[in-house]
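Okay, so the sequence shown: first residue is 9 according to the numbering used here, each after it adds one.
Written below as structure tokens is the structure these notes are about.
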Amino acid sequence: MGRQNPKLQRQSLSRFLTYVLGVRPDEFGLLADEEGFIPLKELLWALGEVEGWSYVRQSQIDDLLRAPDRTRFEIRDRSIRVAPEQTELPLGPYEAVRPPDLLFHAARRKAYPVILEEGLRPGARPFVLLFPDRDMALRVGRRRDPNPVFLTVRAKSASDQGVVFFRFLETIYLVESLAPSLFTGPPLPKEKEPPEKKARPETPPQPPTPGSFILQPDRRVEPDGRSSKKRKKGDVPDWKRASRKMRREKGG
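Here is the structure:
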């Protein structure tokens, strides 16, 4: 969007948000709760994908709420809605419907191993969001993971097995949970096995260098250069034995 007078820019944003929040949030992959509120964080993600509106930040919305037409919008618990008297959304419980044959969902890679084991669960939301359009499923999934895992839900089969589907406006379907048998996705990537460590060949003992000697643990070198074995505890040198013998003989 080109540079505009701040007042005109605020009016344009107000009209656009009135449509996004109060007429067709499903066109932007946004689910309003039963009172019409949409999380601000998700609204900003969606606006960032729309040409001409990616500039919108929390500060622009705050400015809008301080403007004379601020009564058009309401904020509560970090969520926003168009005032009930001005919205076109059907407020109240979602409509239970018969789903199409297939619906789609894009899951975070980090959560995928658990999803394969335990099924699709809503997490922080009350429902799992499903879409009849592949591109919209991927678009919404990329808001939480740049490379999400694409899942195909056998919605009609799930409905036949008793799973209740709800619909929000025209393009968002909702379920409380789905068993792993009711959707398909890619296999988990195989974990790379650590490479086997090759055993190092034993280095053969090297012969001593000429003119050198190797110290042995049971030998010591005497001050005169003579080498002798290390005495074991209790051993008596020969000279001591001879001296003791001479003293005994003299004493005798």
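Beta carbons are placed, not taken as given, at the ideal position from N, Cα and C, and that holds for glycine.
Mind checking alanine 163: buried by the 16 CB within 10 Å criterion, or exposed?
-> Counting Cβ neighbours within 10 Å, alanine 163 comes out buried, since at least 16 surround it.
Give me the Cβ distance between aspartate 71 and arginine 150, rounded to the nearest whole Å; I'm assuming they're in contact under 8 Å.
-> That pair is no contact at about 28 Å.
The beta strand (DSSP E) spanning threonine 160 covers which residue range?
-> Per DSSP, threonine 160 belongs to the beta strand (DSSP E) from 157-162.
contact_flag[the stretch 115-132, the stretch 168-176] where n(CB pairs < 8 Å) is 3 or more | The stretch 115-132, when compared against the stretch 168-176, does not touch it at the 8 Å Cβ threshold.
In three-state terms, what does DSSP make of proline 194?
-> When DSSP states are grouped into helix, strand and coil, proline 194 belongs to the coil group.
Would you please state the rounded distance, in angstroms, between the beta carbons of serine 95 and glycine 60? I believe it to be under 8 Å.
-> Before going on, a small fix: residue 95 reads as threonine here, not serine. Rounded, the Cβ-Cβ distance is 23 Å, inconsistent with contact.
How many angstroms separate the CA atom of alanine 40 from the CA atom of serine 165?
-> Those two C-alpha atoms are separated by around 27 Å.
If you draw a straight line from the alpha carbon of asparagine 13 to that of serine 20, how long is it in whole angstroms?
-> In this structure, the CA atom of asparagine 13 is about 11 Å from the CA atom of serine 20.
In whole angstroms, what is the alpha-carbon distance linking serine 87 and isoleucine 46?
-> When rounded, the separation of the alpha-carbon atoms in serine 87 and isoleucine 46 is 5 Å.
Thinking C-beta only, is glutamate 57 closer than 7 Å to glycine 100?
-> By the CB criterion at 7 Å, glycine 100 and glutamate 57 fall outside the cutoff.
Report the rounded CA-to-CA distance for leucine 186 versus phenylalanine 81, giving the unit in angstroms.
-> Rounded to whole angstroms, leucine 186 to phenylalanine 81 spans 35 Å at the Cα level.
Assigned exposure category for methionine 9 - 16 Cβ within 10 Å defines buried = Reliability fails at methionine 9, whose pLDDT of 46 lies under 50, so the model's placement of it is uncertain and no value is given.
Compute the distance between the beta-carbons of threonine 160 and valine 90, then report whether it is under 7 Å.
-> With contacts defined as CB atoms closer than 7 Å, threonine 160 and valine 90 fail to qualify as a contacting pair.
Arginine 147 and glycine 37: beta carbons closer than 7 Å?
-> If you check the CB distance, arginine 147 and glycine 37 come in under 7 Å.
Serine 62 versus leucine 55 - alpha carbon distance = Roughly 5 Å between the two C-alpha positions.
Cutoff 6 Å; reference tryptophan 53; Cβ partners in own chain excluding five residues on either side = Sequence-distant Cβ neighbours of tryptophan 53 in its own chain, meaning closer than 6 Å and more than five residues away, are Arg151.
DSSP three-state call for methionine 9: helix, strand or coil?
-> Note that methionine 9 scores a pLDDT of 46, beneath 50, so its modelled location is shaky; the value from the coordinates is reported in the next line. In the structure shown, methionine 9 sits in coil (DSSP, three-state: anything other than H, G, I, E or B).
Classify glycine 30 as buried or exposed, calling it buried when 16 or more other Cβ atoms lie within 10 Å of its own Cβ.
-> By the 10 Å Cβ count, glycine 30 comes out buried.
Beta strand (DSSP E) segment containing alanine 114, residue limits = That run of the beta strand (DSSP E) goes 110-115.
Going by C-alpha distance, which of Glu103, Leu97, Pro188, Pro156 is nearest glutamate 35?
-> Closest option to glutamate 35, Cα to Cα, is Leu97.
What separation, rounded to the nearest whole angstrom, lies between the Cα atoms of tyrosine 181 and valine 105?
-> Taken atom to atom, the span from the alpha-carbon of tyrosine 181 to that of valine 105 is near 9 Å.
Cα separation between isoleucine 69 and arginine 23?
-> CA-to-CA, the gap between isoleucine 69 and arginine 23 works out to about 12 Å.
Output yes or no for whether 7 Å exceeds the beta carbon distance between valine 136 and valine 64.
-> In this structure, valine 136 keeps its C-beta atom at 7 Å or more from the C-beta atom of valine 64.
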